[in-house]
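Residue numbers (our numbering), protein chains in the order written: chain G, 1 to 277; chain X, 278 to 613. The beta carbon of each residue, even a glycine, is placed where N, CA and C say it ideally should be. Okay, so here's the structure we're looking at.
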Ligand SMILES: Nc1ncnc2c1ncn2[C@@H]1O[C@H](COP(=O)(O)OP(=O)(O)O)[C@@H](O)[C@H]1O
Ligand SMILES: [Mg+2]
């Protein structure tokens, strides 16, 4: 019953490729499938570099605007302000691109591809964990760009290379933990628009109501009270201390914030993801 | 039927809010053949496949795939099946090669073996030229072939295909049919859904007709068709004045009423080829006939015959707009 128009070799190749049962004996573990999914995320980053560019340009703009426009007014000199600002901008930059986790997830959910993944005998959360591998790479790139721009503008951290790398890694770690919020929201909200709108709103509020741009000492009492408990502030403070040579003294509250995010949002996301509709 | 069952559902129920998408469905799908699930839009075909592929849990009743319960032994089931959804389930940002590579890796192929497997599949599915282009730019037919190839990276015991040819042009449709036939020839059971009786007829050894989540009829395509008659005979006469006489002859030979459907045209519904041949012989002895044709029964006619009412076809846009809209546009580009 085969159609005449179809070349014979194609017919044969079809039967051959379907004939051999080349199914690998050993099924890959959770780590392996997560890495494979991570590879997928990296290919997607490579395929749309514009997105990464857009994401990195924002913190660079913030650095320029705040350093030169307000820096002198806030700290006496723009150069001095930059030493204060940069570790915070690093964290803000990572946070802003972290919403992309949720956006990418919702667009995956709208394609049929998750149905295929979920009907395969692989560790179920692999698509989620793999996406986070891609995210970490994005955070690394973003923070490297911010630090490079900072250095070019005159950022001279007392913490030396180790301190700077420590501050960057902390920002990336925090971004990784925050990504789980977007993963959860992506699974709940299901449309890219909803996730990015909510993400931008939350992040704008939370990063401006923080110690990224100014010390809270001059803020009104109600705002200062909020800023003092804003977890972003803990991370910014710790990153600042690392970069400016004050060591790991302020690390504990930052790491606790990270841990709390993971403890809350990893199980929530996995439950939501694995739940049968 | 004593052969092994690939799928067995008993009283399977699945509701979404007030909608009973699947409403007490009993299916027995023998292994080693193509089984067609035929039904109009909204009949519950996709929901049925999603339950069988372990994506949804039934609210009531049970579903087994090769004897394994889809809820309690989901992993056993996943080892045996592959699902190619109604809306393309490939990654648009990835190339054809990368899509297959990804799945091969997930199935445990090491990097070189994965690449080899992907290349073999691309060749077999006639996608070599497009291998390094993102799937986003594929035509509907190419995307569908990639989609089916993705379901065959390791050969499953049971392959689910949800409306594999909806929206395809006839050539692409024939290619997909060839692939399905080759797959069954190699021992994979195929469970496909379709809205076209002709597709079920061409491919499936057995067919279940469903509507509103319920089984309306089950049997071989032949049995289904004979329950409907074999479609209709259309005769074009040279001289309109012969209409009454021609009508008398046809009714006599066929045993069904003949309607006048044109200036010199008669249509008789519910006829089978043998009596048509006899009737035409009788007719042409005395009356001049310009043209005649036999039309296959349409799904609408099957429905009408089986349920006594035309199929209800709901507007797809009315459901879950956020989830479906993106997928829909991706597959429909070739349909018009
Ligand atoms: N996820 C869902 N949420 C709400 N209703 C749904 C969902 N999936 C399907 N339905 C409803 O269930 C019925 C059957 O749908 P479906 O299984 O997709 O039918 P088919 O594939 O035969 O067109 C329809 O009325 C549809 O609107
Ligand atoms: Mg459907």
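Beta-carbon separation of residue i and residue j under 8 angstroms?
i             : j             : result
residue 234/G : residue 125/G : no
residue 555/X : residue 530/X : yes
residue 495/X : residue 485/X : yes
residue 279/G : residue 105/G : With chain G covering 1 to 277 only, the question about residue 279/G has no answer from this structure.
residue 625/X : residue 460/X : Here chain X has residues from 278 to 613 only, and residue 625/X is not among them.
residue 329/X : residue 314/X : no
residue 424/X : residue 323/X : no
residue 50/G  : residue 159/G : no
residue 369/X : residue 110/G : no
residue 24/G  : residue 383/X : no
residue 526/X : residue 565/X : no
residue 150/G : residue 22/G  : no
Which bits of chain X does residue i rub up against, with CB to CB less than 7 angstroms?
i             : result
residue 121/G : 352, 355 and 356
residue 27/G  : 385
residue 207/G : None at all; the shortest Cβ gap to chain X is about 28 angstroms.
residue 99/G  : Residues of chain X passing the Cβ test: none, with the nearest at roughly 18 angstroms.
residue 279/G : Beyond the ends of chain G as shown, which are 1 and 277, falls residue 279/G; an answer cannot be given.
residue 156/G : By Cβ distance, chain X contributes nothing, its closest Cβ being about 41 angstroms from residue 156/G, past 7 angstroms.
Closer than 7 angstroms by beta-carbon distance: list the chain G residues that pair up with residue i, in chain order.
i             : result
residue 386/X : 24
residue 397/X : 17
residue 375/X : 43
Could you tell me which residues DSSP pairs with residue i in its beta bridges?
i             : result
residue 139/G : None; residue 139/G has no bridge partner.
residue 569/X : 512/X
residue 496/X : 484/X
residue 313/X : 469/X and 484/X
residue 196/G : Beta-bridge pairing links residue 196/G to no other residue.
residue 372/X : 411/X
residue 290/X : 300/X and 337/X
residue 539/X : 542/X
residue 437/X : 360/X and 468/X
residue 307/X : 282/X
residue 342/X : 284/X and 345/X
residue 502/X : Paired residue(s): none; residue 502/X is not in a bridge.
residue 46/G  : Paired residue(s): none; residue 46/G is not in a bridge.
Taking C-beta pairs closer than 8 angstroms, name the residues in chain G that residue i reaches, listed in chain order.
i             : result
residue 256/X : Examination of residue 256/X is not possible in this model, given that chain X is present from 278 through 613 alone.
residue 411/X : 47
residue 527/X : Here the premise fails: no neighbours, minimum Cβ distance about 32 angstroms.
residue 615/X : Here chain X has residues from 278 to 613 only, and residue 615/X is not among them.
residue 427/X : 116
residue 400/X : 13 and 17
residue 564/X : Near residue 564/X there are no residues of chain G at all, since even the closest Cβ is about 37 angstroms away, more than 8 angstroms.
Cβ closer than 8 angstroms: which chain X residues qualify as neighbours of residue i?
i             : result
residue 115/G : 327, 330, 332, 360, 362 and 366
residue 36/G  : 379, 382 and 383
residue 272/G : Chain X residues near residue 272/G: none, gap ~15 angstroms exceeds 8 angstroms.
From the options, pick the residue whose C-alpha is nearest to that of residue i; which is it?
i             : options                       : result
residue 549/X : 503/X, 320/X, 423/X and 391/X : 503/X
residue 337/X : 362/X, 299/X, 330/X and 390/X : 299/X
residue 453/X : 403/X, 583/X and 326/X        : 403/X
residue 355/X : 345/X, 558/X and 544/X        : 345/X
residue 464/X : 561/X, 456/X and 499/X        : 456/X
residue 19/G  : 367/X, 432/X, 560/X and 395/X : 432/X
residue 26/G  : 285/X, 381/X and 288/X        : 381/X
residue 316/X : 501/X, 473/X and 578/X        : 473/X
residue 442/X : 581/X, 289/X, 577/X and 418/X : 418/X
residue 514/X : 301/X, 557/X and 368/X        : 557/X
residue 471/X : 487/X, 286/X and 290/X        : 487/X
residue 326/X : 517/X, 468/X and 525/X        : 468/X
residue 197/G : 32/G, 102/G, 17/G and 115/G   : 102/G
residue 205/G : 231/G, 192/G, 191/G and 193/G : 231/G
residue 252/G : 92/G, 107/G and 170/G         : 170/G
Any beta carbon from chain C within less than 8 angstroms of residue i's own beta carbon?
i             : result
residue 129/G : Annotation note: the requested chain C is absent from the structure, which comprises protein chains G and X.
Run down chain G in chain order and give the residues with a C-beta less than 9 angstroms from the C-beta of residue i.
i             : result
residue 487/X : Residues of chain G passing the Cβ test: none, with the nearest at roughly 20 angstroms.
residue 392/X : Here the premise fails: no neighbours, minimum Cβ distance about 13 angstroms.
> Can you find at least 3 beta carbon pairs, one from the stretch 308 to 318 of chain X and one from the stretch 442 to 452 of chain X, that sit closer than 8 angstroms?
Replying inline: no
>> Contact between the stretch 239 to 253 of chain G and the stretch 82 to 102 of chain G is defined here as three or more beta-carbon pairs at a separation below 8 angstroms; is this criterion met?
In response: yes
> Looking at C-beta atoms only, is the number of pairs between the stretch 348 to 359 of chain X and the stretch 396 to 403 of chain X that lie closer than 8 angstroms three or more?
Replying inline: no
>> With a threshold of 8 angstroms, are at least 3 pairs of Cβ atoms found where one atom belongs to the stretch 193 to 202 of chain G and the other to the stretch 76 to 84 of chain G?
In response: no
> If we count Cβ pairs, one from each stretch, closer than 8 angstroms, do we get three or more for the stretch 223 to 232 of chain G versus the stretch 205 to 214 of chain G?
Replying inline: yes
> Counting Cβ pairs closer than 8 angstroms, one from the stretch 214 to 223 of chain G and one from the stretch 144 to 156 of chain G, do we hit at least three?
Replying inline: no
>> Pairs of beta-carbons, one from the stretch 140 to 152 of chain G and one from the stretch 101 to 119 of chain G, closer than 8 angstroms: are there three or more?
In response: no
>> So, does the stretch 368 to 378 of chain X touch the stretch 124 to 139 of chain G, judging by three or more C-beta pairs under 8 angstroms?
In response: no
>> Taking 8 angstroms as the cut-off, does the stretch 55 to 74 of chain G touch the stretch 177 to 186 of chain G (at least 3 CB pairs, one atom from each stretch)?
In response: no
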